[in-house]
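For the sequence shown, my numbering begins at 16 and goes up steadily by one.
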Amino acid sequence: MLEKRRENYLNSVENKSISFFYSGFLKQKSNDQYYPFSVNRNFFYLTNVDQENVVLLIVKGEKRSESFLFLEKVDPIKALWDGETLSFEKASELSGISLTNIIDIETLDVFVNQLLGVSRAAQFGEIKNFYFDLEKQKPSRFLSHVEIIANDYRQNYPAVNVLNSNRVLAKLRMAKDQLEVEETNKAMAITKTALEHVMKSLKANMNEAEIEAEYNYILNKNGVETSFDTIVGSGSNGTILHYVDNNDTINDNELVLFDLGVKYNNYCSDISRTYPANGKFTKRQKEIYEIVLEANKKTIEWLKPGLTIKEFNEFGRNILINGLKRIGLIKEDSEITKYYYHSLGHYLGLDVHDVGLYDEVIPVGAIITVEPGLYIAEEAIGIRIEDNILITENGGINLSKDLIKEVNDIEKFMKK
């Protein structure tokens, strides 16, 4: 599977090129501590290696193509302090790259210089292009680590073009292969277990942080992490899209909006559910909830490959508009922005908001979220229902179908 991913990448870039992918670097937190490491997702996609300070080189030469992986040699003394790092053999096993092509990272610069010199030119031919994974950054006066490295290569090898591989990977990662779907399903299974535990634990007068801790307890038992900061928004807090304080008292008769996920081998689930704190929806809460549920279910049923993201967004939005008109909350379409102010969904994969080309149609193999919501601040009602959908030639498959969302099912489950 990994060989196929690298082959697809090779078929998408220029000949006579070297592509550099960096796993990432530890970021210092204090004098002798570091922030938790998070691997570069494009690097992981091509290698299945999750360790800092590892570099993948993909050479597409005139004569042949080959992949090389550079990492630190195992240091027995360092292992006593920080734990073992990947051996060359294990890195080869994980990545599918030949053991002869697993190389000490200390020799990387010499190796690249040889690729552009006479000694290896006979193997690969002339090199005219360097590719770096230059991620889109928010405006900043500071360069990223990879941008600094790319600039160094520009200066040291002025005759070689420096190109960006980021859009190439964004396109390749849009359609998931079988392994990626399997990993997502594993994340989803744990999400289901955790959410059911949450529903059993949820009671009025709890603190939001308590119920978040119940969710984290199940994740910790399964040896996984959250895929993003968990949202537990009770009452009016549920109308704040990115509410992450999770430190308010959950009152009786309030709804609690959960937006949460699991990261399994770096693949993410992203689910939203809304539950009544006391286990029973009020008449008004149910009325609003059913509109959101209608948008969720009808959009999932309608989804198919070849749609644009704009069409996808407009379809669900129109259902919400019609629902709010039906109950008299709005009269004009434009008024929807008072109660619904986000897009209907996004790509999902190694990132929660996964890479994808939003100017292209949704392809077969994509996993996207469907997450309509309504936020009635004056009534302290926030509702979002989010599922994760695999796009196939025959339409959408709901990977989160086992996570209950019907009013009767929720009330019945919470009553037990």
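Beta carbons: idealized from backbone N, C-alpha and C, even for Gly.
State the beta-bridge partners of residue i as determined by DSSP.
| i | result |
| --- | --- |
| N144 | S32 and N176 |
| Y60 | DSSP output for Y60 lists no bridge partner at all. |
| V74 | I33 and E81 |
| Q48 | S45 |
| K278 | E240 and C283 |
| S249 | V271 |
| I412 | L405 |
| L86 | D119 |
| Y290 | V271 |
| T3 | This structure cannot speak to residue 3, because the chain is shown only from 16 to 431. |
If distances are taken between C-alpha atoms only, which option among the options comes closest to residue i?
| i | options | result |
| --- | --- | --- |
| V70 | D97, L335, Y50 and V127 | V127 |
| R56 | N23, L25 and D148 | D148 |
| F83 | T62, A392 and D267 | T62 |
| G132 | V175, D369, S27 and D263 | V175 |
| K207 | N403, V422, E408 and E108 | N403 |
| A381 | G388, T115 and D369 | D369 |
| V64 | L86, S80 and Y50 | L86 |
| R182 | Y373, I345 and N423 | Y373 |
| G343 | E302, E329 and I315 | E302 |
| N220 | T241, E421 and P291 | P291 |
| R188 | F327, F428 and V379 | V379 |
| I391 | G253, D260 and N261 | G253 |
| A106 | E316, Y50, Q66 and I419 | Q66 |
| K325 | L363, V376 and Y232 | V376 |
| E316 | I412, Y49, V28 and D424 | I412 |
| G250 | S358, K340, L308 and E393 | E393 |
| N266 | E22, A395, L322 and S32 | A395 |
| R14 | S102, N200 and S110 | Since the first residue of the chain shown is 16 and the last is 431, residue 14 is not available in this structure. |
| Q138 | Y146, N144 and Q129 | Q129 |
| I117 | I163, E223, V89 and W96 | V89 |
| L363 | N166, K31, E401 and E18 | E401 |
| I383 | I345, S284 and L275 | S284 |
| E150 | G140, V161 and N144 | V161 |
| D97 | D47, V54, I73 and S80 | D47 |
| N337 | E305, K215 and D366 | E305 |
| S27 | L178, L365, L418 and E195 | L178 |
| E81 | E195, L114 and E104 | L114 |
For the beta strand (DSSP E) containing residue i, list its first residue and its last residue.
| i | result |
| --- | --- |
| D274 | L270 to L275 |
| D402 | D402 to T407 |
| Q43 | Q43 to S45 |
| D119 | I117 to D119 |
By how many angstroms is the C-alpha of residue j removed from the C-alpha of residue i?
| i | j | result |
| --- | --- | --- |
| I120 | I286 | 40 angstroms |
| L414 | V277 | 14 angstroms |
| N171 | A94 | 35 angstroms |
| M203 | K75 | 37 angstroms |
| E99 | L41 | 16 angstroms |
| N268 | G294 | 9 angstroms |
| N490 | D192 | Any answer about residue 490 is impossible in this case: the structure gives the chain only from 16 up to 431. |
| S351 | I406 | According to the sequence provided, residue 351 is Ile. The question's Ser does not apply to it. Rounded to the nearest angstrom, the two C-alpha atoms are 28 angstroms apart. |
| A185 | T241 | 23 angstroms |
| D244 | V259 | 7 angstroms |
| S159 | G39 | 11 angstroms |
| I142 | E211 | 56 angstroms |
| F330 | P387 | 11 angstroms |
| N280 | E198 | 7 angstroms |
| N68 | P51 | 14 angstroms |
| D424 | A190 | 33 angstroms |
| E229 | H361 | 27 angstroms |
| L335 | F36 | 43 angstroms |
| K432 | G248 | In the structure as shown, the chain begins at 16 and stops at 431. Residue 432 is therefore absent and cannot be evaluated. |
| N430 | E421 | The sequence as given places Lys at residue 430; Asn does not occur at that position. Going from the Cα of K430 to the Cα of E421 covers about 14 angstroms. |
| I255 | N261 | 12 angstroms |
| I164 | Y282 | 28 angstroms |
| L123 | L72 | 9 angstroms |
| G140 | D167 | 23 angstroms |
| N235 | A209 | 10 angstroms |
| R341 | T323 | 28 angstroms |
| N30 | V54 | 28 angstroms |
In the DSSP assignment, find the alpha helix (DSSP H) that holds residue i and state where it starts and stops.
| i | result |
| --- | --- |
| I164 | H160 to N171 |
| V422 | V422 to K430 |
| Y24 | L17 to L25 |
| I92 | P91 to D97 |
| N128 | L123 to L130 |
| N181 | N181 to L187 |
| L109 | F103 to S110 |
Considering only heavy atoms of the ligand SAM, does any lie closer than 7 angstroms to the CB of residue i?
| i | result |
| --- | --- |
| D47 | Because no ligand of any kind appears in the structure shown, any question about the ligand SAM cannot be addressed here. |
3 or more residues per run - each beta strand (DSSP E) lying fully within the region 207–234: none
Beta strand (DSSP E) segments (min. 3 residues) lying fully within the region 342–398: 382–385 and 388–391
4 or more residues per run - each alpha helix (DSSP H) lying fully within the region 295–326: 298–317
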